[in-house]
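Student: The structure under discussion is supplied below as structure tokens; questions concerning it will follow.
Numbering (my numbering), first residue to last: 141 to 279.
Take a look at the structure:
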């Protein structure tokens, strides 16, 4: 279920990108990464309600010998998790910097959204590979 939702989020990010709503595209790209990682954690019977799933990913996937055949995929996912760390909040809520309020739409630009969607796509591809080869799941 999480992986299907992750694909939906990435598709929605692409739609919003076309409408030049870059902050929302970054947010949904982050959500796609978060939910796709949760799909892998779900396979290990780990259910996480938090947005930052990095520590759970390291503990239950990276440090799990059952994933030794997926080193490249795991490294890519971990790198992309680090890229998105703490972005879920900044993409949705105004922030204050040096006394100036900055709205997400003023902070995130086209290149940010392109990079976020690329990293989300990489993550979904890597997790899809693991789900198919390790868990024999058709996604």
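Beta carbons are placed, not taken as given, at the ideal position from N, Cα and C, and that holds for glycine. In this text the structure is predicted, and so the values were computed from the model without any measurement.
Take residue 256 and list the residues in its own chain whose beta-carbon comes closer than 6 Å to its own, dropping the five residues that flank it on each side.
Tutor: Translated into the one-based positions of the chain shown, residue 256 becomes position 116. The answer, listed in chain order, is 166, 169.
Student: Kindly list the residues whose CB is nearer than 7 Å to the CB of residue 214, restricted to its own chain and excluding five residues on each side of it in sequence; keep chain order.
Tutor: As a working mapping, residue 214 is identified with position 74 in the chain shown. Once the five neighbours on either side are set aside, the close Cβ partners of residue 214 are 201, 202, 207.
Student: Along the chain, where does the alpha helix (DSSP H) that runs through residue 166 open and close?
Tutor: Translated into the one-based positions of the chain shown, residue 166 becomes position 26. Where residue 166 is concerned, the enclosing alpha helix (DSSP H) stretches over 162-183.
Student: Count the other C-beta atoms from every protein chain shown that fall within 10 angstroms of the C-beta of residue 164, then say buried if there are 16 or more, exposed otherwise.
Tutor: Walking along the chain shown from the start, residue 164 turns up at place 24. Buried is the call here.
Student: Between 250, 244, 171, which lies nearest to residue 148 when the distance is taken from Cα to Cα?
Tutor: Here residue 148 is taken as the residue at index 8 of the chain shown, counted from 1. The candidate whose alpha carbon is nearest that of residue 148 is 171.
Student: Spatial neighbours of residue 177 within its chain, please: CB distance less than 6 Å, with the 5 preceding and 5 following residues excluded, ordered by chain position.
Tutor: Along the chain shown, one-based indexing puts residue 177 at 37. Taken in chain order, the residues that qualify are 193, 197.
Student: Compare the Cα-Cα distances from residue 223 to each of 262, 209, 234 and report the closest residue.
Tutor: As a working mapping, residue 223 is identified with position 83 in the chain shown. Comparing Cα-Cα distances from residue 223 to each of 262, 209, 234, the minimum goes to 262.
Student: Where are the alpha helix (DSSP H) runs, 4 residues long or more, that stay fully inside the segment 187-249, in chain order?
Tutor: 194-197, 211-224, 227-230, 244-247
Student: With a 10 Å radius around its C-beta and 16 neighbouring C-beta atoms as the bar for buried, classify residue 190 as buried or exposed.
Tutor: Mapped onto the chain shown, residue 190 falls at position 50. Exposed is the call here.
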